[in-house]
Amino acid sequence: MADETLTGAGGRDSLDLGVGGGDNAPESFLIEASSSDAVTLPEGFNFGDAKFEPSGPDLVLTSPSGEQVVIQDYYEQDPPPDLHTPAGGELAGSTAIRLAQTNAPTQGQFAQAAPSADAQPIGQVESVTGTVTAIRADGSRVELQVGDPVFQGDVMESGANGAVGVVLADETTFSMAENGRMVLDEMVYDPGTQEGNISMSVLKGVFTFVSGQVAKVDPDAMVLKTPVATIGIRGTQVGIDLSGEDPAGMKVVLMEESDGFVGEVVIANNAGIQILNLPDQGANVASSNAAPTEPRIYQRSEISDSFRGALDSLPTAVGTGNNYGADEQEQEEQEEEREDEDEQAEGEATDEDEQAEGEAGEGEGDEDLDDFETAAGEGDEEELTDEEAAAAA
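Take 0 as the starting number for the sequence shown in numbering that gives the first Met the number 0 and just add one per residue.
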């Protein structure tokens, strides 16, 4: 596979694109797209949290720190090239187009049409905490609330305190923890035959997925695309951890469902395939060009620690999702917090009582001193009276 990449000293050419100034200004890079299969981004550039936007025929990526990559003539390529990182992350060109919200006329055949008024939702938000946003196909942003619909093509993003749980039409459920980003690429479902297919792109964050009717009818019908591998979910629950700083690097764990069922997960990339089929079995994938590691069994505590944010939000009222005791753990933590608050309140009350007793003791001491001074004064008066009496005599 040929890559179109930056050239020049160190493999990177900087270009002044009007971003800041001075030695500490964010760097900017210019890449010319061609008919090659892929475009390689600069070393260390993370497309997982970059802003994507079109600029005429060009695609512009901007990192949270302000570093900018301009891919010239990106929209003139058919199909649009995939994006690669030197560390082994890959992003499909179609997903890059979707992230850029390319509904402008200048983008021609790659433009994304807004959903029609009669567009049918593919699922519904079951739970949400903090800030979670859905970016519709027309580029409009919706801050999600419980009960809101989700549509094919939605880009979902969670903030630093955000998490969301979603139920799809076939009772597939999934959750995304904080700082997550994903695309609901496609869902086709026939309730009559329960046949269809589901495809989602997972870019960044921590997730849990529980397959529904579609995967039960066809084990290969549910696919998750990540920067380092494609994951096939064959009628089961799976956790995906893509929370690292670099898009290359992922943990995948096959989880036991609430009814005890364990299906199968297939992890595949350019370098090999790994199959998980035991409860709590997991593997790591460092790069799209490195085979998944040999599986190992994870302790329940490890799973809880890694996937807690997603398990907390996983819908369990529908389907067979297993939150691995997240509810009980949350109740225990809340009980501990209440006990700590009670102990703190008791401690403050004790301090107030001791302070009050101390003040009362000081008051009694003052009264005793007054009594002592009064008695002493009376003695002096008696002594003076005797002296006066002697003088008078």
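Yeah, the Cβ is synthetic: ideal placement off N, Cα and C, and Gly gets one too. None of these values were measured; they are calculated from a predicted model.
Closest by CA to residue i, which one among the options?
i: Val265; options: Leu277, Ser257, Asp258; result: Leu277
i: Asp153; options: Thr207, Asn160, Ile96; result: Ile96
i: Leu313; options: Ser34, Tyr73, Val124, Gly92; result: Val124
i: Arg233; options: Leu241, Val227, Val222; result: Val222
i: Ala228; options: Ser287, Val149, Leu253, Val201; result: Ser287
i: Asp36; options: Gln67, Phe28, Asp77; result: Asp77
i: Thr192; options: Lys250, Asp169, Val209, Val205; result: Asp169
i: Val171; options: Tyr323, Val317, Asp217, Leu202; result: It should be noted that the sequence gives Thr, not Val, for residue 171. When only C-alpha atoms are compared, the closest one is Val317.
i: Ser34; options: Pro41, Asp81, Pro53; result: Asp81
i: Tyr323; options: Glu255, Asn160, Thr61; result: Glu255
i: Asp184; options: Asp147, Glu263, Leu241, Pro120; result: Pro120
Between residue i and chain C, is the shortest Cβ-Cβ distance under 9 Å, so that the two count as touching?
i: Gly88; result: Judged by its chain identifiers, the structure shown contains no chain C, having just a single protein chain.
Tell me, which residues are paired with residue i by DSSP?
i: Ile302; result: Its beta-bridge partners do not exist; DSSP assigns none.
i: Leu313; result: Beta-bridge pairing links Leu313 to no other residue.
i: Val201; result: Met181
i: Leu396; result: This structure cannot speak to residue 396, because the chain is shown only from 0 to 392.
i: Asp81; result: Ala37
Consult DSSP for residue i and reduce its assignment to one of helix, strand or coil.
i: Ala388; result: Reliability fails at Ala388, whose pLDDT of 49 lies under 50, so the model's placement of it is uncertain and the value that follows must be treated cautiously. Here Ala388 sits in helix by DSSP.
i: Gly308; result: helix
i: Gln273; result: strand
i: Ser93; result: helix
i: Gly88; result: coil
i: Ala344; result: helix
i: Glu293; result: coil
i: Gln280; result: strand
i: Tyr74; result: helix
i: Gly20; result: Note on Gly20: pLDDT 49, under 50, position unreliable in the model; no value is reported.
Determine, using beta carbons only, whether residue i and residue j come nearer to each other than 9 Å.
i: Gln236; j: Asn178; result: no
i: Gly259; j: Pro291; result: no
i: Val455; j: Ala133; result: Past the edges of the chain, shown from 0 to 392, lies residue 455, and the structure says nothing about it.
i: Ala282; j: Ser303; result: no
i: Phe173; j: Gly164; result: yes
i: Glu199; j: Val182; result: In the sequence as presented, Glu is not what sits at residue 199; that position holds Met. Result yes, Cβ atoms of Met199 and Val182 sit closer than 9 Å.
i: Asp48; j: Lys203; result: yes
Every unbroken beta strand (DSSP E) inside the stretch 102 to 184 [3 residues or more]: Listed in chain order, the complete beta strand (DSSP E) runs (minimum 3 residues) inside the stretch 102 to 184 are 122 to 128, 131 to 134, 140 to 142, 154 to 157, 162 to 167, 172 to 175.
My parser needs the beta strand (DSSP E) runs of 3 or more residues fully inside the stretch 27 to 72; what are they? Runs found: 27 to 31, 37 to 39, 50 to 54, 57 to 61, 67 to 71.
Can you list the beta strand (DSSP E) stretches of 3 or more residues lying completely in the stretch 221 to 268, in chain order? For the stretch 221 to 268, whole beta strand (DSSP E) runs of length 3 or above, ordered along the chain, are 221 to 224, 229 to 233, 236 to 241, 249 to 254, 263 to 268.
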